[in-house]
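Enquirer: So the sequence shown is residues -17 to -1, 1 to 244, counted in mature numbering (1 follows the signal peptide of the UniProt record, and there is no 0). Where is the CB? At the ideal position from N, CA and C, for every residue including glycine. Computed from a prediction, not measured in an experiment: that's the story for all the values here. Sharing a structure below in structure tokens format, with a few things to ask.
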Amino acid sequence: MRRTAIAAVCLAAVATAGLTGCGTQQKDGSPSGSRSQGAAKGADREKEPFPGLSGGEIAERALKATTGAESLRMQGDMPDEESGGTLHIDMSLNKKGECAGTLGLDDQGTAELIKTGDSIYMKYDEAFLRAQSEGEPKGQVDATVAMLAGKWTKMSVQGADADDVAAFCDLDVMLGGAEDGSSDATRGRTTTIGGKRALTLRERDGKDDYTFYVATEGEPYLLRLDNASPEEPGSVTFSAFDEPVPARKPSGPVIDLDALG
């Protein structure tokens, strides 16, 4: 099946996390052209954002603007294909490969992540460590928790386990392929996302039903992407475009995992 432009950005934004869907949202597929009654219709069109552009053309502009940003923040609760659970992500990242944010899975705790320079820093809470150590001897798990819980750790980007983590921090990787394809999106209502005015677009791709929110002022950034798939719903919100990423080395003690072997 042809991959639409909206499907491409959805899949690209979450593929690195092993995800397959993007979010549940109230459907609103009414095209702007459904309004009627002559002069009133013309007046409404004059007030509409992106005058004269189809939904597909607006979607393609949004993808170009979003993938052209040097940095952004991604937030969402999305299905994780491997575990069958829900991944929670809140990550600021840029095209330099820097990032700062949090990752979590269901109620299995949270990990903080920072990548700056040639180092990856992570801090795990107790619930996260215990969930990841499930099945191991209790004494070993307790020792791991005592050593690492609530403490910053560090590893080199050249380390054996660093590639998958570092991929979360590269904006080009996270949005790679999002410019592929075309869009058959239809225009919907204007709404507000994160305090910004946005035009709603809607597009279907197989069983997936995407709702696409595009900023109507300034650059036409993608502000949110929802997928009302009955099997794998999820949602991704985008913000803080071209803003500095707060990726700084943690203050205080840091445990060097590479030195531990």
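Are Arg170 and Ser37 close, meaning C-beta to C-beta below 9 angstroms?
Expert: Against a cut-off of 9 angstroms, the Cβ pair of Ser37 and Arg170 comes out as a contact.
Enquirer: Should the segment 116 to 128 be regarded as contacting the segment 45 to 59, the criterion being three or more beta carbon pairs within less than 8 angstroms?
Expert: Taking 8 angstroms as the limit for Cβ pairs, the verdict is that the segment 45 to 59 does not touch the segment 116 to 128.
Enquirer: Could you tell me if Thr99 is buried or exposed, where buried requires 16 or more neighbouring beta carbons within 10 angstroms of its beta carbon?
Expert: Per the 10 Å Cβ criterion, buried.
Enquirer: Check whether the Cβ atoms of Leu182 and Pro32 sit closer than 9 angstroms, and answer yes or no.
Expert: The answer is yes: Cβ separation under 9 angstroms.
Enquirer: What separation, rounded to the nearest whole angstrom, lies between the Cα atoms of Ala83 and Phe111?
Expert: Each residue's Cα considered, the two are about 18 angstroms apart.
Enquirer: Would you mind giving the Cβ-Cβ distance between Asp155 and Lys47, rounded to the nearest angstrom? I have them listed as a contact below 8 angstroms.
Expert: At roughly 15 angstroms, the Cβ-Cβ gap does not stay under 8 angstroms, so Asp155 and Lys47 are not in contact.
Enquirer: Which residues in the same chain as residue 250 place their Cβ atom closer than 6 angstroms to its Cβ, once the five residues preceding and following it in sequence are excluded?
Expert: The structure shown does not extend to residue 250, since the chain is modelled only from -17 to 244, so the question has no answer here.
Enquirer: Cβ atoms of Thr173 and Thr199: under 9 angstroms apart, would you say?
Expert: Taking 9 angstroms as the Cβ cut-off, Thr199 and Thr173 qualify as a contacting pair.
Enquirer: State the beta-bridge partners of Gln123 as determined by DSSP.
Expert: None; Gln123 has no bridge partner.
Enquirer: Taking just the CA atoms, how far does Glu64 sit from Met138?
Expert: Cα to Cα, Met138 sits roughly 27 angstroms from Glu64.
Enquirer: Look at the Cβ atom of Leu188, then the Cβ atom of Gly39, and state whether they are nearer than 9 angstroms.
Expert: One detail in the question is off: residue 188 reads as Asp in this sequence, not Leu. Cβ distance not < 9 angstroms, so Asp188 and Gly39 don't count as in contact.
Enquirer: Among Gly201, Asn210 and Gly142, whose alpha-carbon lies nearest the alpha-carbon of Ala242?
Expert: Nearest of Gly201, Asn210 and Gly142 to Ala242, Cα basis: Gly142.
Enquirer: Please go through the same chain and pick out, in chain order, the residues whose beta-carbon is closer than 6 angstroms to the beta-carbon of Gly201, but skip the five residues on each side of it.
Expert: Nothing listed; no residue qualifies.
Enquirer: Does DSSP classify Glu215 as helix, strand or coil?
Expert: Note: Glu215 maps to coil in three-state DSSP.
Enquirer: Kindly confirm or deny that the segment 232 to 239 and the segment 207 to 222 touch, where touching means at least three C-beta pairs closer than 8 angstroms.
Expert: Not touching, per the Cβ criterion.
Enquirer: According to DSSP, is Arg44 helix, strand or coil?
Expert: DSSP places Arg44 in helix when its eight states are reduced to three.
Enquirer: Distance, Cα to Cα, Ala114 vs Leu88?
Expert: Looking at the two C-alpha atoms, the distance is approximately 10 angstroms.
Enquirer: Specify the secondary structure class of Lys30 as computed by DSSP and reduced to three states.
Expert: Lys30 falls in the helix class under three-state DSSP.
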